[in-house]
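Chains as they are written, first to last, in our numbering: chain A, 1 to 119; chain B, 1001 to 1357.
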Amino acid sequence: MALVQHESVVFDLWDLMNRCLGKPELVTRVLKKFEVQLAGDLDRISAALNSENYAVAREVAHRLKGAAANVAAHSLQEQAHALESAIQLGLEDQYGIVMHGLLREQERFVEAIKQIQLS
Amino acid sequence: MHVLVAEDDDVTVDLLTAALEEFGYQVTVAVDGLEALRLIRSGKFQLVISDWEMPGLNGLELCRRVRKRRGCSYTYFILLTSHSGVNNVVQGLDAGADDFLTKPFYPQELRVRLAVGQRILSMQSRDLIIFALAKLAESRDTETGAHLERIREYCRLLGAELSRSGPYADQIDGDFVELLYLTSPLHDIGKVGIPDQVLLKPGKLTPEEFSIMQQHTLIGAQTLAAVAEMNPQAGFLSMARDIALTHHERFDGTGYPHHLVGSNIPLSGRITALADVYDALTSKRVYKPAFSHETATNMIVEGRGAHFDPVVVDAFLQLTDDFQLIRQRFENTASVFDGERLKADPMEETSLAGVGK
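Structure below.
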């Protein structure tokens, strides 16, 4: 069962700029905050999955999905949604795969942010 | 205006706060549902944006608790969620949410949704202010009890009945009936301009005093017309003015202040006239006892086509049981605005002419 059908845009800067009312300083602040929060959330999800505390894992994945959507990190949003759905459906054999996808999207997101900062 | 944001996600809080402050709102953040509930109980917040999933108390439960509160002003509750689907919408609305905002949200969408909330809250404030104003004017009258509460109920009944069938059905819709309910309590607002020695006189008024008393229709209408002119968008003020001016006109042209005849009297005035007289007849005054419902009904029927619009009387006759029920419901309800009852000799006058002055 494929929980993520296609690869989305990693990050849409203009979408986020729109949500931040065209304020670059707000974009920067929100991205920094999200990057830190993302790392913490992924740690919490991993720990919760390892200890089979699926309720917490789903809760954090749900929150991550909302936050990722708000910063226009679309592929992270989809992976977080996939994990939340997998846990809701009890598809335990998918947890590892989807989690792996989440970590991969984290890397891509961090890389995309770096590219923006460099340019 | 203050907005309470109940949200445990820092990033979302940052985005919401920035957008809300940009739109001129003062923002307070609660990081969980229990803190949000505590803040709402402070009475400071009428606009709440709450995440659905939160630690402690989730957004749905928070909304339910807010709706269980009694005796406090309305809280406009927007659920912020990444949940989608009809079931979730139904669940949210069932919990009492007024609106939804889905993540990711766009600032312009947030702005218009909050504007809707503010509009609804201002309507509630408008209704309360209108009634408070009417009560304030009535507070100088010492024998009214829950007169205004009854009047607006009678008016609503008559309006709804007239809207169902008969010659006025095409003139009256739901909006008319609600406006009538809202504005009929203002019918006597002009009494604030009547001197105490006339307004509070326990005995029969002299012709000069009665002439002064009649001025309350003009004073009320002029006041409301002036406000209507300054606020042309407030359509309800026009109906309020019509009612204040014409609720003592009589269908045959023998009323006051302008001796209008028949359909020259606005329909809202004709309806309020009957409601006002029925209430005066069935209420005790220093100069008369409270007449029974049957006596009042007979007197109104006698005034059909003379004092009252025959069509409005016919509608009333369809509703006599309902009028009695309203009468009973408010029978022992004293208005907190009532002053001391005046002691005076009972007056002989018990005809319709002296009722309601």
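Built from N, CA and C at the ideal position, the CB exists for glycine as well.
Determine the burial state of residue i: buried for a count of at least 16 other Cβ atoms within 10 Å of its Cβ, exposed for fewer.
i       : result
M1123/B : exposed
D1242/B : buried
L76/A   : buried
W14/A   : exposed
K1044/B : exposed
V1301/B : exposed
G1327/B : The sequence shown places Arg at residue 1327/B, rather than the Gly named in the question. Buried, because 16 or more other Cβ atoms sit within 10 Å of the Cβ of R1327/B.
G1305/B : exposed
M1239/B : buried
L1274/B : buried
D1321/B : exposed
R1038/B : exposed
A55/A   : exposed
P1207/B : exposed
I1129/B : exposed
D1279/B : buried
S1165/B : exposed
H81/A   : buried
V1011/B : buried
Q106/A  : buried
K114/A  : exposed
Name the two residues that bound the continuous beta strand (DSSP E) containing residue i.
i       : result
Y1278/B : Segment 1267 to 1281 is the alpha helix (DSSP H) holding Y1278/B; no beta strand (DSSP E) there.
Where do the N-terminal and C-terminal ends of the alpha helix (DSSP H) with residue i fall, by residue?
i       : result
S1165/B : Counting along the chain, S1165/B falls outside any alpha helix (DSSP H), and DSSP gives it neither H nor E.
T1028/B : Run containing T1028/B: none in the alpha helix (DSSP H); it sits in the beta strand (DSSP E), 1026 to 1030.
Y1256/B : Run containing Y1256/B: none; DSSP gives neither H nor E here.
V36/A   : 24 to 50
T1223/B : 1207 to 1230
H62/A   : 54 to 70
C20/A   : First-last for C20/A: undefined, no H or E at that position.
E1331/B : Where E1331/B is concerned, there is no enclosing alpha helix (DSSP H), given that its DSSP letter is neither H nor E.
D1175/B : 1174 to 1183
Q1362/B : The structure shown does not extend to residue 1362/B, since chain B is modelled only from 1001 to 1357, so the question has no answer here.
L1020/B : 1010 to 1022
R1064/B : 1059 to 1068
D1196/B : 1196 to 1199
G1303/B : Counting along the chain, G1303/B falls outside any alpha helix (DSSP H), and DSSP gives it neither H nor E.
G1033/B : 1033 to 1041
Who does residue i pair with in a DSSP beta bridge?
i       : result
I1049/B : V1005/B, I1078/B
F1100/B : L1079/B
Within the same chain, show all residues whose beta-carbon is closer than 6 Å to that of residue i, passing over the 5 residues directly before and after it, in chain order.
i       : result
I1265/B : T1246, E1249
Y1074/B : Q1124
Y1270/B : According to the sequence provided, residue 1270/B is Arg. The question's Tyr does not apply to it. Hits under 6 Å: D1309, V1312.
Between which residues of its own chain and residue i is the CB-CB distance below 8 Å, once the five residues before and five after are set aside?
i       : result
L16/A   : V27, V30, L31, V71, A72
R1064/B : A1095, G1096
L1101/B : I1049, I1078, L1079, L1080, T1081, E1109, L1110, R1113
Q1214/B : H1248, Y1256, P1257
L1034/B : G1056, L1057
S1163/B : A1169, I1172, D1173, G1174, F1176, V1177
R63/A   : D41
L1325/B : none
M1/A    : Any answer about M1/A is weak, because its pLDDT of 39 lies below 50 and its placement is not dependable; what the coordinates show is given next. Cβ within range, chain order: L91, Q94.
Any idea what DSSP makes of residue i, helix, strand or coil?
i       : result
T1295/B : helix
R1285/B : strand
R1250/B : coil
F1308/B : strand
H74/A   : helix
L1237/B : helix
Y1367/B : It is not possible to answer for residue 1367/B, since the shown part of chain B is limited to 1001 through 1357.
M1054/B : coil
V98/A   : helix
E111/A  : helix
Q117/A  : helix
K1204/B : coil
Q1171/B : coil
A1146/B : coil
D1322/B : helix
Please work out which residues of its chain come closer than 7 Å, Cβ to Cβ, to residue i, disregarding the five sequence neighbours upstream and downstream, and give them in chain order.
i       : result
P1055/B : D1008, D1032
H1083/B : W1052
V1027/B : V1003, V1005, T1017, L1020, E1021
I116/A  : L13
N1231/B : L1237
A86/A   : L3, Q94, Y95, V98
D1276/B : I1151, H1187, H1247, G1356
A57/A   : I45, A48, L49, I87
A1290/B : T1282, S1283, K1284
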